[in-house]
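This report concerns only the one structure given below.
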Amino acid sequence: MLTDHNDAETKAGTELVSCPTARTRKLADVSDENMMEILLRFPARTLASLRSVCTSWRNLISSPPFTCNHLRRSCLLDPTLTTLRIAYCTWAYRNDVRCGTIGLLSVHSILDNPSEPTQVDCFREQRYYGIIGSCNGLLCLVDEHAYKYMHAILWNPCTGFTFESPEISGEVRFCGFGYDYLSDSYKIFATIRTEGPSNFEFSTRIYTFGPTSSWRKIDDIPVALFGVPSDNPSWDVNREGEFFGSSRLCTLNWCVNYVVLYFDLGKETYGHFSLPDSEIDLDHPYYFSRGCTHLCVLRNCLSLCYGHKSTYEWIVWQMKEYGDAQSWTKLAVIPVYEKFTYPDPCRCFQPLYISESDVLLAFCPFFGIVLCNLNDGSVDFPEIDNSGMGNHPAFSQCVGYRMACIYHDSLVSPNGLQSNSSKMLLRFIKPKLKPIDS
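Counting in the UniProt record's numbering, the sequence shown runs from 1 upward without gaps.
Okay, structure coming up:
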């Protein structure tokens with residue numbers, strides 16, 4: 001019986017060895033158009049693995065038409081083709097050098113099973129890279145060296161694509177990352193502070209991710225119009241501009257005192273519109289400081305969250321028609337639990353995502369992830385497995401730049417770009433195996 005079993009395995013093994021040739025002949029008869037249609041039905045992470053099957057598949061799956069079609073299909077037709085994730089950054093000192101870790105978590109795991117620990121996928125950095133934004137599955141990171149010079153890194157966690165911009169001298173004061181649909185390109189915006197002969201000097205730069213691109217100077221951000229000193233432009237709210245994209249325009253947005261200031265990535269011009277309620281006075285004692293005002297995008301609408309001291313609530317607004325101040329609509333009022341704001345009340349409650357069942361997923365600095373049911377007002381605190389973080393702070397303690405953002409798996413890389421880094425910028429940390437209960 002044992003011999004027969006082994007013979008059967010040997011025969012099966014022989015058949016398996018001969019199968020690829022037969023399959024290859026059949027696949028060769030499939031037209032490129034039909035092959036594309038077949039592969040477009042696979043999830044992004046599966047396709048990233050299938051690139052290693054053969055050269056023709058790698059070329060097809062990596063081609064701009066394919067990645068664009070898959071992105072469109074996953075966003076508009078079949079959400080199962082992509083996985084929604086939270087990305088966050090944190091850091092610790094190793095040998096007196098500040099080194100970072102980027103953690104990735106599945107949004108659906110958190111929403112579907114909040115009582116079951118969601119595993120954090122950890123990527124160890126050579127230095128500390130802060131996340132300044134995400135778009136179409138790409139994360140934009142900024143690496144600052146002792147506030148003297150910086151460069152940006154574009155990273156696709158699904159495919160492993162990385163691209164580094166040239167370095168630029170100075171300290172980043174405001175920044176943002178987004179997609180310009182007019183030129184089909186990805187851009188990073190930065191206001192840079194440098195030391196002049198007698199005082200600080202400021203300039204605004206744009207970098208378009210491309211094989212021969214360089215940082216170029218553009219008109220400075222007009223903060224003086226809104227009561228911010230032009231000789232030291234600084235505000236605590238949304239230092240990293242919130243990207244909003246639609247079929248008619250793509251913008252980066254910041255709260256500046258009493259308005260939303262935006263930068264049009266296509267036209268490279270500035271504009272502004274008012275906050276949702278003309279009676280809101282963010283300097284009034286009934287409201288938290290401006291550091292508690294947070295811009296985000298929820299259900300494809302620019303949204304705003306701020307805190308109210310008198311009622312001790314977080315209030316979330318949505319702009320139904322971008323740029324139309326009359327379209328601001330109050331979305332939710334959420335009680336401020338004491339642990340939401342400990343130990344720094346100026347770290348804002350940050351909405352990240354709303355599920356189809358109206359559960360708001362938000363991040364609270366120094367606390368972690370919170371789930372707020374907008375229908376019945378209930379609040380849940382999902383379990384997060386930080387065991388892979390090593391000596392780095394846990395998810396609830398992450399600090400710096402945009403502390404957490406939403407992105408989804410994709411195959412996207414900017415047209416004409418290949419990974420240009422000769423060194424491993426991010427190294428995946430395998431989680432430790434848990435002992436099996438006896």
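Think of the CB as a built atom: it goes at the ideal place given N, C-alpha and C, for glycine as much as any other residue.
{"Query": "Touch test, the region 155-165 against the region 190-204, Cβ-Cβ under 8 Å, three pairs minimum", "Result": "no"}
{"Query": "Bridge partner(s) assigned by DSSP for L171", "Result": "Inspection of the sequence shows that residue 171 is occupied by Glu rather than by Leu. Answer is R193."}
{"Query": "Segment limits, beta strand (DSSP E) that includes S165", "Result": "No beta strand (DSSP E) holds S165; DSSP gives it neither H nor E."}
{"Query": "Host alpha helix (DSSP H) of residue 448 (start-end)", "Result": "Here the chain has residues from 1 to 438 only, and residue 448 is not among them."}
{"Query": "Span separating the alpha-carbon of P157 from that of S310", "Result": "43 Å"}
{"Query": "Beta-carbon proximity check, H70 vs L77, cutoff 8 Å", "Result": "no"}
{"Query": "Beta bridge counterpart(s) of W254 as assigned by DSSP", "Result": "L261"}
{"Query": "Boundaries (first-last residue) of the beta strand (DSSP E) holding I334", "Result": "328-335"}
{"Query": "Where N167 falls, given that 16 or more other Cβ within 10 Å makes a residue buried", "Result": "The sequence as given places Glu at residue 167; Asn does not occur at that position. It is exposed - the Cβ of E167 has fewer than 16 other Cβ atoms within 10 Å."}
{"Query": "For E313 and P79, the rounded distance between their alpha carbons", "Result": "33 Å"}
{"Query": "S203 - DSSP class collapsed to helix/strand/coil", "Result": "strand"}
{"Query": "Paired residues, beta bridge with T118 - DSSP", "Result": "I384"}
{"Query": "Same chain only: Cβ atoms within 6 Å of G271, ignoring 5 sequence neighbours per side", "Result": "Y262"}
{"Query": "Supposed contact pair C405 and A87 - C-beta distance, whole angstroms, cut 8 Å", "Result": "6 Å"}
{"Query": "Secondary structure of T293, DSSP reduced to three states", "Result": "coil"}
{"Query": "Proximal residues to L60 (C-beta, below 8 Å), its chain only, five neighbours per side dropped", "Result": "D32, M35, M36, L39, F66"}
{"Query": "Rounded straight-line distance, which links the Cα of C54 to that of I354", "Result": "39 Å"}
{"Query": "DSSP state of I61 mapped onto helix, strand, coil", "Result": "helix"}
{"Query": "Local Cβ density within 10 Å of F200, reported as buried at 16 or more and exposed below that", "Result": "exposed"}
{"Query": "I38 - DSSP class collapsed to helix/strand/coil", "Result": "helix"}
{"Query": "Cα-Cα separation between W57 and W91, rounded to whole angstroms", "Result": "38 Å"}
{"Query": "Distance CB(L104)-CB(R73) smaller than 8 Å", "Result": "no"}
{"Query": "Contact under 8 Å by Cβ, V107 with D385", "Result": "no"}
{"Query": "Assigned secondary structure, E313 (DSSP; H/G/I helix, E/B strand, else coil)", "Result": "strand"}
{"Query": "Cβ pair count under 8 Å reaching 3, the region 211-224 against the region 244-252", "Result": "no"}
{"Query": "Beta-carbon proximity check, P335 vs C296, cutoff 8 Å", "Result": "no"}
{"Query": "For P79, three-class secondary structure by DSSP", "Result": "helix"}
{"Query": "Cβ-based burial, E321 [other Cβ within 10 Å; buried from 16]", "Result": "exposed"}
{"Query": "Contact under 8 Å by Cβ, G178 with G137", "Result": "no"}
{"Query": "CB of G170 within 8 Å of CB of I192, strictly", "Result": "yes"}
{"Query": "N- and C-terminal bounds of the alpha helix (DSSP H) containing V107", "Result": "107-112"}
{"Query": "Pairwise C-alpha distance: N375 and S62", "Result": "42 Å"}
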